[in-house]
Amino acid sequence: MPKWTICLLAIVAGFVSHASAQESTKSGGKVDPETAMTNQFLKQFEPAALDQSTTDKIKEIFGKAAKEVVAQRKKSGVTPEMLKKRTEAAKQAREEGKKPKEVREIGLSAMQATEEQKKVVLDTEELLSKARIAVGKLLTDEQKSKLPKQLQTNLKEPTPPKKPNG
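And the structure:
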(Lines of atoms letter the chains of each structure in order from A and count residues from 1; the text may use other names and numbers.)
(Lines give C-alpha, C1' and ligand atoms only; values in the text may rest on other atoms or scores of the structure.)
Protein backbone atom coordinates (compact mmCIF):
# COMPACT_ATOMS: atom_id res chain seq x y z
CA MET A 1 0.00 0.00 0.00
CA PRO A 2 1.49 3.37 -0.93
CA LYS A 3 2.74 5.64 1.84
CA TRP A 4 0.29 8.38 0.89
CA THR A 5 -2.60 6.10 1.77
CA ILE A 6 -1.24 5.60 5.25
CA CYS A 7 -0.78 9.35 5.56
CA LEU A 8 -4.38 9.89 4.50
CA LEU A 9 -5.60 7.35 7.00
CA ALA A 10 -3.68 9.00 9.81
CA ILE A 11 -4.92 12.45 8.83
CA VAL A 12 -8.53 11.33 8.67
CA ALA A 13 -8.28 9.65 12.04
CA GLY A 14 -6.73 12.82 13.37
CA PHE A 15 -9.55 14.92 11.96
CA VAL A 16 -12.19 12.72 13.46
CA SER A 17 -10.59 12.48 16.88
CA HIS A 18 -9.82 16.21 16.87
CA ALA A 19 -13.33 17.03 15.69
CA SER A 20 -14.88 15.02 18.47
CA ALA A 21 -12.50 16.48 21.04
CA GLN A 22 -13.30 19.94 19.76
CA GLU A 23 -17.00 19.16 19.96
CA SER A 24 -16.84 17.95 23.54
CA THR A 25 -14.90 21.01 24.72
CA LYS A 26 -17.49 23.48 23.44
CA SER A 27 -19.48 24.89 26.30
CA GLY A 28 -23.15 25.42 25.75
CA GLY A 29 -23.88 25.13 22.01
CA LYS A 30 -22.29 21.96 20.70
CA VAL A 31 -20.84 21.91 17.20
CA ASP A 32 -21.89 18.88 15.22
CA PRO A 33 -19.03 16.55 14.19
CA GLU A 34 -19.48 17.23 10.46
CA THR A 35 -19.04 20.97 10.97
CA ALA A 36 -16.05 20.48 13.24
CA MET A 37 -14.45 18.12 10.71
CA THR A 38 -15.06 20.56 7.85
CA ASN A 39 -13.75 23.53 9.82
CA GLN A 40 -10.60 21.61 10.74
CA PHE A 41 -10.06 20.74 7.07
CA LEU A 42 -10.59 24.36 5.99
CA LYS A 43 -8.12 25.63 8.57
CA GLN A 44 -5.31 23.93 6.62
CA PHE A 45 -5.99 26.21 3.65
CA GLU A 46 -5.27 29.47 5.50
CA PRO A 47 -1.74 29.83 4.02
CA ALA A 48 -3.25 29.89 0.51
CA ALA A 49 -5.49 32.91 1.32
CA LEU A 50 -8.43 31.57 -0.68
CA ASP A 51 -11.28 33.82 -1.77
CA GLN A 52 -14.74 33.35 -0.24
CA SER A 53 -16.13 31.64 -3.33
CA THR A 54 -13.45 28.93 -3.30
CA THR A 55 -13.81 28.50 0.46
CA ASP A 56 -17.57 28.03 0.05
CA LYS A 57 -17.03 25.40 -2.65
CA ILE A 58 -14.57 23.55 -0.42
CA LYS A 59 -17.06 23.69 2.48
CA GLU A 60 -19.74 22.27 0.23
CA ILE A 61 -17.62 19.40 -1.16
CA PHE A 62 -15.91 18.40 2.06
CA GLY A 63 -18.97 19.10 4.22
CA LYS A 64 -21.08 16.70 2.19
CA ALA A 65 -18.43 13.98 2.51
CA ALA A 66 -17.96 14.66 6.24
CA LYS A 67 -21.69 14.38 6.85
CA GLU A 68 -21.81 11.00 5.13
CA VAL A 69 -18.69 9.79 6.96
CA VAL A 70 -20.04 10.74 10.38
CA ALA A 71 -23.40 9.13 9.61
CA GLN A 72 -21.86 5.86 8.40
CA ARG A 73 -19.46 5.63 11.33
CA LYS A 74 -22.18 6.43 13.85
CA LYS A 75 -24.50 3.83 12.30
CA SER A 76 -21.81 1.13 12.52
CA GLY A 77 -20.80 2.07 16.06
CA VAL A 78 -17.31 3.38 15.28
CA THR A 79 -16.36 5.66 18.18
CA PRO A 80 -13.82 8.49 18.36
CA GLU A 81 -11.97 6.42 20.99
CA MET A 82 -11.58 3.56 18.49
CA LEU A 83 -10.17 5.94 15.90
CA LYS A 84 -7.81 7.45 18.45
CA LYS A 85 -6.46 4.00 19.40
CA ARG A 86 -5.92 3.28 15.73
CA THR A 87 -4.08 6.54 15.11
CA GLU A 88 -1.82 6.05 18.12
CA ALA A 89 -0.99 2.44 17.18
CA ALA A 90 -0.29 3.37 13.55
CA LYS A 91 1.94 6.26 14.62
CA GLN A 92 3.94 3.98 16.90
CA ALA A 93 4.26 1.34 14.18
CA ARG A 94 5.55 3.96 11.71
CA GLU A 95 8.08 5.16 14.29
CA GLU A 96 9.25 1.55 14.66
CA GLY A 97 9.90 1.47 10.91
CA LYS A 98 7.10 -0.92 9.97
CA LYS A 99 6.04 -1.15 6.34
CA PRO A 100 2.87 0.76 5.34
CA LYS A 101 0.81 -2.42 4.98
CA GLU A 102 1.85 -3.53 8.48
CA VAL A 103 1.10 -0.07 9.89
CA ARG A 104 -2.39 -0.26 8.45
CA GLU A 105 -3.05 -3.70 9.91
CA ILE A 106 -1.64 -2.76 13.32
CA GLY A 107 -3.82 0.36 13.37
CA LEU A 108 -6.95 -1.54 12.40
CA SER A 109 -6.40 -4.27 14.97
CA ALA A 110 -5.77 -1.68 17.72
CA MET A 111 -9.29 -0.35 17.16
CA GLN A 112 -10.75 -3.55 18.61
CA ALA A 113 -13.53 -3.23 16.06
CA THR A 114 -15.65 -5.74 14.21
CA GLU A 115 -14.82 -6.55 10.60
CA GLU A 116 -17.85 -4.49 9.55
CA GLN A 117 -16.63 -1.47 11.53
CA LYS A 118 -13.15 -1.77 10.00
CA LYS A 119 -14.73 -1.90 6.54
CA VAL A 120 -16.78 1.23 7.31
CA VAL A 121 -13.64 3.09 8.46
CA LEU A 122 -11.76 2.17 5.28
CA ASP A 123 -14.76 3.01 3.06
CA THR A 124 -15.30 6.37 4.74
CA GLU A 125 -11.62 7.24 4.42
CA GLU A 126 -11.91 6.55 0.71
CA LEU A 127 -14.86 8.97 0.60
CA LEU A 128 -12.80 11.67 2.31
CA SER A 129 -9.89 11.01 -0.02
CA LYS A 130 -12.14 11.53 -3.05
CA ALA A 131 -13.46 14.76 -1.52
CA ARG A 132 -9.89 16.02 -0.99
CA ILE A 133 -9.03 15.26 -4.61
CA ALA A 134 -12.13 17.15 -5.76
CA VAL A 135 -11.06 20.10 -3.59
CA GLY A 136 -7.56 19.94 -5.09
CA LYS A 137 -9.06 20.44 -8.55
CA LEU A 138 -10.53 23.79 -7.43
CA LEU A 139 -7.16 25.28 -6.56
CA THR A 140 -4.56 26.88 -8.78
CA ASP A 141 -0.98 25.62 -8.76
CA GLU A 142 0.04 28.82 -7.00
CA GLN A 143 -2.53 28.28 -4.24
CA LYS A 144 -1.45 24.66 -3.81
CA SER A 145 2.21 25.66 -3.57
CA LYS A 146 1.44 27.70 -0.43
CA LEU A 147 0.00 24.67 1.37
CA PRO A 148 1.90 22.18 3.54
CA LYS A 149 3.49 19.37 1.49
CA GLN A 150 1.35 16.63 3.02
CA LEU A 151 -1.84 18.49 2.18
CA GLN A 152 -0.60 19.07 -1.36
CA THR A 153 -0.10 15.32 -1.69
CA ASN A 154 -3.57 14.58 -0.31
CA LEU A 155 -5.18 16.89 -2.87
CA LYS A 156 -3.74 14.96 -5.83
CA GLU A 157 -4.94 11.86 -7.60
CA PRO A 158 -2.80 8.96 -6.41
CA THR A 159 -0.31 7.65 -8.91
CA PRO A 160 -0.89 3.98 -9.67
CA PRO A 161 1.74 1.64 -8.21
CA LYS A 162 4.46 0.53 -10.59
CA LYS A 163 4.12 -3.07 -11.66
CA PRO A 164 7.28 -5.15 -11.54
CA ASN A 165 8.43 -6.45 -14.91
CA GLY A 166 8.17 -10.16 -15.26
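Take 28 as the starting number for the sequence shown in our numbering and just add one per residue.
Even glycine gets a Cβ: it sits at the ideal position worked out from N, Cα and C.
Quick caveat, the model's predicted, so the values are computed rather than measured.
Take E95, set aside five residues on each side of it, and the residues of its chain with a beta-carbon closer than 7 Å to its own are L154, in chain order.
Q71 and K173 have their alpha carbons spaced roughly 10 Å apart. Here the alpha carbon of K118 sits roughly 25 Å from the alpha carbon of Q99. The residues R113, A116 and A117, in chain order, have a CB closer than 6 Å to that of G134 in the same chain once the five nearest residues on each side in sequence are set aside. For the set P74, A92 and L69, the Cα lying nearest the Cα of D83 is the one of L69. Closest option to S156, judged by alpha-carbon separation, among E143, E184 and R131: E184. With fewer than 16 other Cβ atoms inside 10 Å of its own Cβ, P175 counts as exposed. Inter-residue distance for S80 and E123 is about 43 Å (C-alpha atoms, whole angstroms).
Sorting I85, L77, A93 and V162 by C-alpha distance to the C-alpha of V148 places A93 at the top.
Annotated three-state conformation of G90 is helix, per DSSP.
E123: not part of any alpha helix (DSSP H); DSSP gives it neither H nor E. Using a 10 angstroms sphere on the CB of G90, the tally of other CB atoms reaches 16 or more, which defines it as buried.
Residues of the same chain with a CB within less than 6 Å of the CB of Q170, apart from the 5 flanking positions on each side, are A75 in chain order.
Distance check between I160 and each of Q144, K86 and N181 places N181 closest, using alpha-carbon atoms only.
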